[in-house]
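Residue numbers (the numbering used here): 3 to 168. Every residue gets a Cβ at the ideal spot worked out from N, C-alpha and C, and that includes glycine. In this text the structure is predicted, and so the values were computed from the model without any measurement. Just below is one structure, and these are the notes that go with it.
Given below as structure tokens:
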């Protein structure tokens with residue numbers, strides 16, 4: 003149970019990642035999938051992680067202390083659509099990959115996918131990357147509140163098939 007959460011730091015370079023000596027759970031997903039909203043929901047705070055209607059607002063690794071150092075959420079930049087140039091997107095991709103490859107404390111990656119849409123090639127590429135490096139992950143479908151119960155079941159089946167899980 004999450005009793006306390008606070009923002010700690012942002013990092014633009016994976017070589018400068020802090021090591022707090024406790025487990026980390028990364029929050030990953032395409033731009034505007036709801037990563038910041040998910041963090042806010044999980045910690046029961048409306049404004050801990052900054053949310054935006056504009057895709058690609060998270061451009062750094064953002065560290066959130068959960069339960070006074072019990073573990074950390076690490077909010078990763080979104081991949082896919084964002085109103086930035088190709089060079090900036092590549093920089094984010096490198097930052098995400100360096101974090102996933104070098105974090106000594108990473109215990110799970112929460113991969114968020116928008117339930118209303120079939121997973122993208124970027125989603126599939128991330129899942130394949132996590133599989134290939136034996137990085138534990140959990141797929142979390144977001145935006146369920148926008149669909150009926152029947153639509154949710156259908157969409158979950160599409161996601162499971164597309165990502166070869168379930």
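Select from the options the residue whose C-alpha is nearest the C-alpha of residue i.
{"i": "residue 107", "options": "129, 32, 24", "result": "24"}
{"i": "residue 158", "options": "76, 121, 131", "result": "121"}
{"i": "residue 79", "options": "149, 34, 134, 137", "result": "34"}
{"i": "residue 64", "options": "26, 3, 146, 104", "result": "26"}
{"i": "residue 44", "options": "119, 144, 156", "result": "144"}
{"i": "residue 100", "options": "75, 151, 131", "result": "131"}
{"i": "residue 133", "options": "14, 102, 3", "result": "102"}
{"i": "residue 169", "options": "73, 142, 155", "result": "Nothing about residue 169 can be read from this structure; the chain reaches only from 3 to 168."}
{"i": "residue 110", "options": "139, 96, 104, 98", "result": "139"}
{"i": "residue 73", "options": "137, 3, 47", "result": "3"}
{"i": "residue 17", "options": "153, 96, 150, 70", "result": "96"}
{"i": "residue 164", "options": "47, 119, 29", "result": "119"}
Would you list the residues sitting across from residue i in a DSSP beta bridge?
{"i": "residue 73", "result": "68"}
{"i": "residue 8", "result": "67"}
{"i": "residue 140", "result": "112"}
{"i": "residue 13", "result": "63"}
{"i": "residue 81", "result": "32"}
{"i": "residue 27", "result": "75, 110"}
In or out: residue i buried (at least 16 other Cβ within 10 Å) or exposed?
{"i": "residue 12", "result": "exposed"}
{"i": "residue 66", "result": "buried"}
{"i": "residue 148", "result": "exposed"}
{"i": "residue 135", "result": "exposed"}
{"i": "residue 21", "result": "exposed"}
{"i": "residue 49", "result": "exposed"}
{"i": "residue 94", "result": "Interpretation of residue 94 is limited by its pLDDT of 49, a score under 50 that renders its predicted location unreliable; no figure is taken from the coordinates."}
{"i": "residue 41", "result": "buried"}
{"i": "residue 156", "result": "exposed"}
{"i": "residue 38", "result": "buried"}
{"i": "residue 77", "result": "buried"}
{"i": "residue 36", "result": "buried"}
{"i": "residue 150", "result": "exposed"}
{"i": "residue 28", "result": "buried"}
Assess contact between the region 42-54 and the region 121-128, defined as three or more Cβ pairs (one per stretch) separated by less than 8 Å. Is contact present?
no
Is the region 110-125 close to the region 4-20, with three or more CB pairs under 8 Å?
no
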